[in-house]
Each structure stands twice: as C-alpha cells, then as structure tokens.
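Chemist: My structure is below; once you've seen it, I'll send some questions.
Protein chains in written order, with the working numbering: chain A, 1003 to 1716; chain B, 1003 to 1716.
Structure, rendered in structure tokens:
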C-alpha cells in the first residue's frame, strides 16, 4: 500500500538535524464509498477555506476601520493616541468579541482515533485507504484547560503562524526603515548610535536577564512559579524586550520636527536595536549546550554564543550589502530604466531575495534586509528612473504601513485569542522594573561615556527622552510569539504583550508632553540644527566634525571616489580616480553618463562633490527637478572649492550642512524655548555666490512619509 | 491527557457539511528527554523553514532572470516570444534540473508508524506525550510509483498549494484586468462581448465535453483508459479549457495597436470568459447528484446546475459592485484624499476584502474582484487624489506583472515537478481537436448571428484572428491544478498543461504573422477607428450607435444622472437631477465639489457631459493637468450642444469618439494595407471652434501599461 518497507529500519544518526519524513499507515475501512469520501473531503476543504477567508476578512476589516479612524484623528487633530495604539485597541475589541461573544455551534463531529507515536515531525503522511494525504505541522496546541473545543478551534484559527510575522510582515517594515533612513544625520551620529545599539542592547539584555533571574528565584521561593524557568530563559527575555520600536515615537518626532540629532539617535538606535535583539536572542539558543539541561553559566558556551552572534550579524550584513550592490550593478549596466515596471519589479524581487537568501543560509533575514535597504537607498536609488524612484518608495511605504498596522492590531487581538496566557503578577511587576532598569543602564552610563568624547554633548533632557521613549513594539512581539511552547515562554509572551501595550499607550501617548516638559526643541528645520551653524569658527567646527564623523570620513572618501562611480551613474568617472594601471578596467566600468556628468549633464538626482586633498574640485553640482511632462530642468553649477576660499574639510562639512532634499517647512504648533542650547551658535557667512544647492550624498532619497505636505495638512 | 472523553460518541448527522476536528491520540514513550525533544523539534522546524526559503528563492531567481531577459528582448526588439512564453521556458529548465539534476542525500530518517483511521480531516490534532500538535491537510500525495522518497519530497515541496493560485495570484491579475479595462470600447461592443463570453463559453464547454466523451469512449473501447472518466469529468474539462487568457495576446495587440474593435472583443471576451469558466466548472460539481456514481445525464441536476451558475455569478457580481460602490462612498465623503497613503491603503484593502467576502459567502472571489475592479475604475478612481490614482494603478500593475510571470514560470516548472502526470496520447490528440472545434463552435456561429444584428460587422478576418488567438493561460492552469486527486483529473491536468504550452508558444508567437496574413489594421490610434469617423453621415452613425450601444445608452443616462453624482465628486449636482421631493436628501448627498463643478472649478480628472433631451447643456468640460509642484492647470470650457449645432445623440456619439485620455502616438513597425475596410469612411467636419477636449466618462483611467511611452521605446 505504498509503504516504503525498509524505511523504518534506517536508524539515522542525524536524527535531529535533517528534516524527517514520517509515514503513518492508517488502514481505513474499504467498504465505504470512495466517491462519497471524495465529495465529503472536498466539502470539508471548502468549509475550511470559507472559514479562513472569513478570518482574514476580520483583519482586513480591522485595518480598514483603523485607517478610517486614523484619518478622523488626523482630520480632527487629535494626537494623544497614535495609529499603532489605535490599531491595538481595535484588535483588543475584536479579540473580546471573538472570545466571549461568538460561540461556534456544537454540532460538529469530533472523531478521536488512537495511535501510538512518539514524535512530532514537520510533515506527516497519512495513509487513508491506500491514498496518501500530506499534513504539515502548524504548531503546538494547548488543550490543557477545560475549554470548549469548538471555540478553541476558532480562536486557534484566528491565531496566525508566528513565522508569518518573520517572513511576511517584518521584512517590509525593516526594509522600509533602511530605505528611508536619513543617512546624513545617521552617519553624523554613527559612533553614538552603534554604542547604544550594540553595547546598550547587550547591557540592557543582561541587566533585564539578571533582574528577572532574581525575580524568578524569589517566585520559586514563595511558590509562585508553575514550571521551569532557567537562567537562559531570563537572558532570552532580556534580549527580546530590549528591542525598541522605531515606529510610534518616530512618527511623533517627525510630525513635531524634533531636534534632528535626537531624532537620528532614536531612529538609528531603534532600527539597529531590532537587528541586534534578533541575533542576540537566537544566539542565546546556541549558548545552551545541546542536550544539557543544567542551564547554568558556562564560559565556553558564552564565548561560543558571542561568536555565533558576531558571525550571524556580520554574515547577514554582508549578504544584505552584497544583494544591494548586485542590484546597483544590474540597474547600472542594463539600462533597465527604460522600463520602469520591469525595474521596479526587479528592485522588489532582489530586495526580497536578500531575505530568503539569508534565511536559506541560516543567517538572519531581517538584518540582511535592513542593510540591503540602506545599500539600495545609497547606490541603486541613483540608478533608477525617476518613475521607479517614486514607485519603489511608494510601494514600500504602503507595505510598511499595512504590515505595521496589521501587527499592532494583531497584538491587540492576541491578548484575548491566545489560549496559553500565563499572567503572573510577580513576574509582571518584576518585568516592568527590569525593563525600566535595563533601559536606564543602557542610556545613562553610555551617554556619560559618549559625552566624554563628543563635543556636541547629548544633553540630560535628550537622555531622559530617550529613556522615556523606548517603546517596545513589533519586533519584541514577533520574537516573543515565535515560540510559546514551554511555560517559561508562555509567561514571557503574556508579560511582553503587557509591556508593549503599556509602552505604546502610556509612553507613546506621553511623548508629546514629555518633549514639552523636557524643553526639547521642536519645529526644527533639519537644515538649521545647532552643529551646522558653526562653520565660521574653524577650530570648533573641525572638532565637531572630527568627533562626530571620523569613521564616516574615511569611508566617505573611499565611497565617493571608488564605490559610487563603480555602482552608480553619478560621481567622477573611475578613469579619473583609479590609478593609471587600471585604465582599461576603469573605462569598461564607467558608464557614459558618468562622463557626461564630468562635462555638463547629469540625469539622476544624486549630486556629487569630490575632495582632492590640495586643490578641491567639485564635480557636477546639479539639481534636477522633474515636472509632470517628464522634462528635466537642470541647474549645473561647476564650482571649485578654492574659488570659495574654503578648505576641503570645510567643504565636506558644508556639504553635510546643506542640501538635504528640499523639505517643506510647515508651521508646528509647539515651539518651545530652549533652556539648554547645546552649542554657541555662530551665523554662517554667505558664500561668494548665491548659496549653491549643495547636496549631501547621504541625504535620504525621499523625505519620510510624514513630511509629505499632503499628509501633514493637520 | 487533554482528551475530550465523549467527543467520539457524538455521531453527527451533518458529517459532511460542517468542518471536523479529529483528535489523534498518539501515546508516546515518556522516557525520552523532553528538553532534547524540544531542541530536536526546533531544529527540524528550522531546517524545514530553511528549505522553504530556498524553494521560494528559486522562484524569485526565476522571476529575476525572466525580467532581465524580457528587458533584453525588448532592448533587442525580439518579439517572437512573449514574456509569458519566456517565463514558461525558464520554469521548464528549472523543473528539469530539479527533477533530474538534484538528488537529496539519502540519510534522512523515515519513521513509519501504523495507525488505523478512515478519514482525511482538514485538521489533525496529534497527541505526542501529552502535548498536542496541530497538523493541516496539504493535499493528497501520489506515492504509487516506485520513486525515490526524498526526491519526491523535494519535488512536492516546490509544488505550491493550488489554493495559492486562487487566493493570492489570480485576484490581482483579474482585478487589474477590471481596473484597466478600456471601458469605452468595451461598452460599445458590450452585446457581442457578452454573447461570446457567456453563450460562447457554454457552447465551447459542451462541444469540448461531447468530443472528449467520444474520445474517452473510444479509449475505453481500445483499452487505453486506466481509470474512471465520467461524462461530468468531460464537461468539467470543457469548462476549464474554454477560458481564454487575456494576457499574452493582448500585450501583443497593445504593442501593435491593433484595430480597437478587435481589441475590445478579444479583451472583453477573455476577461469575462475566465469568470464564466470558473463559475461553470464549479457548478458542474453541483450537477453531479450527491452520492450518485452513475454520472449520467439528468435533467433536474442540469437545471439545478444552471441555477447554481446564475446564482453564483450574479451574486459575485453584485458583491463586487457593492464593495466598489462602498469604496466610492467612503472616498467621497471622508476627504481621505488629503492623505494619499491612507487612501491607497484603504483602496487596496477594500478591493481585497471583496475577494475574501465573496469566498466567505461561498461565491466566486475572482468574479467579484473583476467587477469590483471595474466599479473602482469607474467611480472610486474619480474620487482619489492624483497621487493615489498613480499609486493604485502602479501598485496593481506591479502585482499583476509579478503574479502573471510567477504563474507562467510555475507552469513550466510543473511539467517536471508534478508527480502524478498521466500523459495519454489518444486523450491529448482528442483534446487538441476538441479545443479547436470548441473554439470554432464559439466564434463562427456566434459571429454570424451577431453580424445579423450588427451594422459594424465582425469581418471574417477578425473571426479568424479570434479563433487563432484564443490562448489558454493562467485561469485554465489554476482550475486544472486545483484538484488532481483522481485519475481523470490527473490526465486532464497533464493535457491542459500541454494545451497551454502549445497555445502560448505557437499561437502566441504566431499572432503577429497572423495579423499580417489576415490583413488586420495595426497602428490604429484608438481615436481614429472606423466607427468614429462616420459622424457626418447621420443615419449611418445613429444606426451604428444604436446597434452597438443600446443597452449602454439606457445605462449611461441613468449612471450619469444619478450614480456618478451620488458616488463621485463629478457630474451634475443631485439637486439638479433628482425630483424636487428628494431635495434635502440630494443636498445632503451632493459634495461641495459637485456644486463647484457646476460653476467653475473641478478638482478631479473626470469630465462630464450631461444630455437633456431637447436643449442639451454640457457641464464642466474640463481638463486638469497636474504638474510636479502640485498646482492644477484647469481649462474650463462651458459648452452648449445647441451652439455647436449637434443633437444630443450626436453629442453622445462625439463624446464616445473623442477624449480618451491622451495617448502617445508611436511609430509602429508593422502597418499593413487594408484589403477589407470595414466601413466607408467619411471625414469629420471640424467643429465650430477648435475641437473641445471632449472626455468620455467611460474612458479608462489610465492608458494601459504597454502604452507607457517609456516602456515602448522598442
């Protein structure tokens, strides 16, 4: 009957590494009518499909409702609850209705069959009357409580496979974060951001882990613990709740036009944070020695864990950058830009394949996608046709919006639809304290250390806001729902959910008052922030630059001289920058457009500025504006730094100062007095000619979704 | 152990209608280490996930390759193979590699466990050592052949769940077809299109069914049939292969700018065709009396089947239109247009919910989505902000492109990866003959009948092209792969695959030579087609109009006077068109913009023309062009038909004649002499003033993807 006769005999040594294929032989009663069976199976499949459609429809309706309410809030200028908080509330309401309001009629047939097996393979083959049916593992189901089976099934049905979050919903969010990164401010604060994101997250994880271990030990002592909770579990919990969410707070920051340095610190930290937390939490798994149940501290395992962390992180980073570079090369050399649809499709597919490739290589797809997004924005974006530039940014903006709101409304729903909640008051209180302490141990000591090196100090008001606005969101949720098999994980999940709710509603809603209370400058045009108006004070300005941008400076020169010309149409031709011996190769790799750029024309939006050490020459400083008819208006101002009487370093800094893509200056409702101006401000002397539209190579390709003038008609 | 003790006792009478929940009790050996088990399960799940990612990556790479080759073909102006044909070839190659090149190492563990059960429920609960795992039914697996199990598993893994086609890939394709429908030409040929799509498809299904029944009987006689093949199976086969594909041929038609009437007939037929075939094939299931294995002819069942067909079709249509209307109302009354991102998201979600709603109501989602797309384009599109108009059209264009190419490359792959192929030479030859006869029985008799009523005859060359260009594509494939459980269905699937390959490669590739051979006009600007240049010949023109547009005329007047003003910002205010008694309601429902339209301003792209019987007045004939800065350039020409010396009927026809959105006139490479001019052409006398930019309310919201000037730089 289609059985592999000897397959049971192969006692494989690699039992736990390779996927297994189990075959069940379920001998059916042959007397029944096969046609009847077929019809019945079809009907059941149809019914199941109908149910799935209805469940998905619930979410679509939820999202639609959220969108309409968001509009209403924006329309009425109500801003104490952000859209993510709103989505959660709607999710909660639907969860309550499904849990308590809807009862599935009891006239279903439950057939219980007995069978002896001792494993849960990912794929089951069931042999019914000689026909094989394939079943896939959906996950473990909690049926411990004396709950109604039918209702349980319905609730289980609206509960998505956690992998959906990692494979479908998170990638567009993270990619969009990378693609829309304000690279200029990001790179100016690169050192601090890396410190917060890497050291800070690790510190926070350990602090939270230790506090929780204390809490768990206490719970065990007072008999409040209903199952195992190991030290590794505590560390895992620390890692997942250390990921701060870039969505809610930054939307508020964006609307209020908060000080750009604070914005850059928060954004950079929370984006990289997610990447660090995901890798950290997965390498804590490697910390646990295989087959060892002691869960005690072990130095070797610790080092191994750290090695895994570094390997996975750098591997994923390299993979993401590699795909981005490949896309840049393809778009540069194929002239695909004549067909925007093909170009957009290629861009989308290449970006998605980064994620899949990383997952297939056992790297972290989310990290790869983040760096792929940054690379795409930095190189590929310059090669795209204007049409594709619009299309890609709009596409990812939409995907990001939908995924984000879906996750947040799903969070709300889970509070009631998830069936294995373990709410332990002691653990919850401990967790809130631990999260607070962990965040404090991240921000304050690191800020102190960073301020020792920074000229542009991170003020104490900045630190308080960073402390307060460390919301937990999509990544924390996704990491905690990924595995809810054990008691420890279930308790973590329930607690995490509460932490997310609290931070999004209370901290998210309180951010605007907090900014006002902390006297943070709002309504700042990003071209006029403090560190940029210090150009005339030579020493001061050079120090500021050196301090904040030194890793960036080396990179910038390399990037601008070799990488940009190689990967994009912009920049000086490689023939000019590479040594003479590489002449033929350089000619082959330089696009005709690059030569044109050297002369008169430039067809894309990226503006270049090349610094030679003694006598700086600036290449094609061009602004291109496209109007509806598709014609280009080009302003070309060939400039020489020497004629402007500034050194190359000043030129670089000026370049950093000017030329973000034009931002619509809007009236904000909340302009506060500065109690604590971070730097003495000196006015910028007017350049010899009318200020040339310098453009920053690291400027973001598009102003973020919230600076769209239409969206902000509040 | 979490078992419901009495659940097995409930012998339900509704066994086959309601979803079932089966519980397997699989008693495991409790001695094993639980932690080890957990780790092992996690590892296996990881490995399975890695494999899934790799499989998906194969498809993404395939699509990327296809895109690059499409670009190369377009770049090199090679046009004998369309992109869909290309995608199939790449799929084929990958299928060959997977089938014969890749072998999974044999060191996997296959555990076979015996268990007695006689059903295949959609959901399995497996109890392993007291923990419940949920499994879902993936489908039946053929393991009859003495094939390698591991390879089988790998091939099965790259084989998608057929429902993916129906629930994820088809909806965007069909929606896009509805959304980009050239409604002007569609409605002008509405009668003929409905005849071909409904009557034609039914005729074709029956002819193919009967021929195949003959073929099957013959096969049975000569002993070539290896299993059951009933008359209902033959009819089912007829229904699925009667669906012609709108993708490939119309892309070619579009590029060559083929005669607009031929284009409209082919497009309208093939789009509605799909809807008819899908409903027809599912109602053939209802034809088969439950529990009856005779599969013989039964008049009652036949009538029931017809009833099901009508009910499902009209229900789905109504649902799709209803969602479209709802979206129009929401976008009209909420001023969501201030936030294009929200608006686009809402539009997308509402359109998707149509599909889910229809599926949840046991209607046909694909049909609902088609009519939703048409309604959205006709009403909602006018309410959207210009930004959202661009976004939605680009979004669906991209989704359509990706889904289409995915399906076609998957088709190629299936030829080798599908494991239950039944290639029967006799059946295949019979099927090719049947498909040919079925198509002939659709086109020629119906054209003859239609020509009796039509003044603008469907020429014999048109008929031959329609006969030749009836390619089978995505819908046929999706319908045939949906159920491959029985021998009959497997044979159908294999044969269908060959029919699709043949028609796409041979008929698709031969369409250009065929057009030339049949002397079909190409390079026709859609504003200058034959029936439009007959305006001065009063009788002739009125007849043409009456003949081709009479169901449309009544509808048009109703739509224009009541529906458009109600659902969109355009048109005359309802206060002017509704009777006086409805005054308050009319005022409430008319947007302020509509009043503005009556006076001076109109803020959207839709241009209106209202016909009153005696003395026609035209409302705001306005063209709005938006430039990059977001300012509107408005040309407002209030016109009165009486001043132009034309009657209201002539005005309507003129309106049909002019004012498609501006089309870029491109040089085509293939302009052929007309042997057979369909109508005597009379030149249009110049209007009294410079020709006013009449605009057709039924004009398509955007020129189709292929008339994008950038895309057509061939």
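For each residue, glycine too, the CB sits at the ideal point set by N, CA and C. Since the model is a prediction, treat every value here as computed from it, not as a measurement.
Give me whichever residues DSSP pairs with residue 1246 of chain B in a beta bridge.
Modeler: In the DSSP output, where bridge partners are listed per residue, residue 1246 of chain B has B:1474.
Chemist: Within 10 Å of its beta-carbon, does residue 1174 of chain A have 16 or more other beta-carbons around it, so buried, or fewer, so exposed?
Modeler: The residue is buried, with at least 16 neighbouring Cβ atoms inside 10 Å.
Chemist: Between residue 1424 of chain A and residue 1489 of chain A, how many whole angstroms is the CB-CB distance? I'm expecting something under 8 Å.
Modeler: Right, the Cβ-Cβ distance comes to about 7 Å (below 8 Å), so this counts as a contact.
Chemist: Short of 9 Å Cβ to Cβ, which residues in the stretch 1373 to 1400 of chain B face chain A?
Modeler: Against chain A - using a Cβ distance shorter than 9 Å - the residues of the stretch 1373 to 1400 of chain B are 1387, 1389, 1392, 1393, 1396, 1397, 1399, 1400.
Chemist: Would you verify that the beta carbon of residue 1341 of chain A is, or is not, closer than 8 Å to some beta carbon of chain B?
Modeler: Chain B contact via Cβ: present.
Chemist: Between residue 1435 of chain A and the rest of its own chain, which residues show a CB-CB distance below 7 Å, the 5 nearest in sequence each way excluded?
Modeler: Cβ within range, chain order: 1213.
Chemist: Decide if the stretch 1332 to 1345 of chain A is in contact with the stretch 1311 to 1319 of chain A; the criterion is three or more beta carbon pairs, one per stretch, under 8 Å apart.
Modeler: The stretch 1332 to 1345 of chain A vs the stretch 1311 to 1319 of chain A: no contact.
Chemist: Given 8 Å as the limit, is there contact between the stretch 1472 to 1482 of chain A and the stretch 1242 to 1256 of chain A, that is, 3 or more CB pairs closer than that?
Modeler: The stretch 1472 to 1482 of chain A vs the stretch 1242 to 1256 of chain A: in contact.
Chemist: Which residues in chain A have a C-beta closer than 8 Å to the C-beta of residue 1056 of chain B? List them in chain order.
Modeler: Neighbours of residue 1056 of chain B on chain A, chain order: 1358, 1362.
Chemist: Using a Cβ-Cβ cut-off of 7 Å (strictly less than) and excluding sequence neighbours within five positions of residue 1278 of chain B, which residues of its own chain qualify?
Modeler: For residue 1278 of chain B, where only same-chain residues beyond five positions count, the Cβ hits under 7 Å are 1199, 1200, 1203.
Chemist: Scan the stretch 1401 to 1428 of chain B for residues whose Cβ lies nearer than 9 Å to a Cβ of chain A and list them as they occur along the chain.
Modeler: Listed by position, the residues of the stretch 1401 to 1428 of chain B near chain A (Cβ gap below 9 Å) are 1403, 1404, 1407.
Chemist: Quick one: Cα of residue 1391 of chain A to Cα of residue 1062 of chain B, how far?
Modeler: Taking the straight line from one Cα to the other gives about 21 Å.
Chemist: So, helix, strand or coil for residue 1261 of chain B, using DSSP?
Modeler: Of the three classes helix, strand and coil, the one that applies to residue 1261 of chain B here is coil, per DSSP.
Chemist: So is residue 1280 of chain B buried or exposed if we call it buried at 16+ other beta carbons inside 10 Å?
Modeler: The residue is buried, with at least 16 neighbouring Cβ atoms inside 10 Å.
Chemist: Please compile the residues from chain B whose C-beta is within a distance smaller than 8 Å of the C-beta of residue 1257 of chain A.
Modeler: Those within 8 Å of residue 1257 of chain A in chain B number zero; the least Cβ separation is about 13 Å.
Chemist: So which residues on chain C does residue 1079 of chain A lean against when the C-beta distance must stay under 8 Å?
Modeler: Absent here is chain C; the protein component of the structure consists of chains A and B.
Chemist: Kindly indicate which three-state DSSP category residue 1622 of chain A falls into: helix, strand or coil?
Modeler: Confidence at residue 1622 of chain A is low in this model, with a pLDDT of 32, below 50, so its placement is unreliable and the value that follows should be read with caution. Here residue 1622 of chain A sits in coil by DSSP.
Chemist: Please report whether the beta-carbon of residue 1713 of chain B lies at a distance below 8 Å from any beta-carbon of chain A.
Modeler: Bear in mind that a pLDDT of 37 at residue 1713 of chain B, under 50, signals an unreliable position, so the number given afterwards is only what the model happens to contain. Residue 1713 of chain B counts as touching chain A.
Chemist: Specify, as a first and last residue, the run of the alpha helix (DSSP H) that residue 1311 of chain A falls within.
Modeler: Looking at the DSSP string, the run of the alpha helix (DSSP H) that includes residue 1311 of chain A is 1301 to 1335.
Chemist: Considering only the alpha carbon of each residue, which of A:1450, A:1387, A:1068, A:1441 lies closest to residue 1334 of chain A?
Modeler: Of the candidates A:1450, A:1387, A:1068, A:1441, the one whose C-alpha sits nearest the C-alpha of residue 1334 of chain A is A:1387.
Chemist: Please decide whether residue 1336 of chain A counts as near chain B, where near means a Cβ-Cβ distance under 8 Å.
Modeler: Closer than 8 Å: yes.
Chemist: Check each candidate in B:1069, B:1194, B:1494, B:1233 and name the one with the smallest Cα separation from residue 1460 of chain B.
Modeler: Comparing Cα positions, the closest option is B:1194.
Chemist: Please tell me whether residue 1086 of chain B has its Cβ less than 8 Å away from any Cβ of chain A.
Modeler: Answer no: the Cβ-Cβ gap between residue 1086 of chain B and chain A never drops below 8 Å.
Chemist: Under three-state DSSP, which class holds residue 1617 of chain B?
Modeler: In this prediction, residue 1617 of chain B has a pLDDT of 33, which is less than 50 and means its spatial position is unreliable; what the coordinates show is noted afterwards. Of the three classes helix, strand and coil, the one that applies to residue 1617 of chain B here is coil, per DSSP.
Chemist: Do the stretch 1074 to 1085 of chain B and the stretch 1503 to 1520 of chain B make contact, defined as three or more Cβ pairs closer than 8 Å?
Modeler: Touching, yes, given that three or more Cβ pairs across the two stretches are closer than 8 Å.
Chemist: Give a yes or no on whether the C-beta atoms belonging to residue 1385 of chain A and residue 1267 of chain A are separated by under 8 Å.
Modeler: No, these two residues do not count as a Cβ contact at 8 Å.
Chemist: For the alpha helix (DSSP H) that contains residue 1753 of chain A, what are its first and last residues?
Modeler: In the structure displayed, chain A extends from 1003 to 1716; residue 1753 of chain A sits before or after that span and is not available.
Chemist: How big is the Cα-Cα spacing for residue 1494 of chain A and residue 1587 of chain A?
Modeler: Each residue's Cα considered, the two are about 57 Å apart.
Chemist: Is the stretch 1248 to 1266 of chain A touching the stretch 1220 to 1230 of chain A, taking contact as three or more C-beta pairs under 8 Å?
Modeler: Taking 8 Å as the limit for Cβ pairs, the verdict is that the stretch 1220 to 1230 of chain A does not touch the stretch 1248 to 1266 of chain A.
Chemist: Near residue 1486 of chain B, which residues of its chain fall below 7 Å by C-beta distance, leaving aside the five closest residues on each side in sequence?
Modeler: Excluding sequence neighbours, residue 1486 of chain B sits near 1422, 1492, 1495.
Chemist: Counting only beta-carbon separations shorter than 8 Å, does residue 1051 of chain A have a partner in chain B?
Modeler: Interface residue, yes.
Chemist: Output the boundary residues of the alpha helix (DSSP H) element that contains residue 1221 of chain A.
Modeler: First-last of the alpha helix (DSSP H) with residue 1221 of chain A: 1203 to 1223.
Chemist: What whole-angstrom Cβ distance do residue 1377 of chain A and residue 1326 of chain A have, given they're in contact under 8 Å?
Modeler: Contact holds; Cβ gap of about 3 Å.
Chemist: Can you pull out the residues from the stretch 1184 to 1212 of chain A whose beta carbon lies closer than 7 Å to at least one beta carbon of chain B?
Modeler: From the stretch 1184 to 1212 of chain A, no residue has a Cβ closer than 7 Å to chain B.
Chemist: Following a CB-centred definition, is residue 1328 of chain A positioned closer than 7 Å to any heavy atom of the ligand SAH?
Modeler: With respect to small molecules bound, the structure shown includes none, and the ligand SAH cannot be examined in it.
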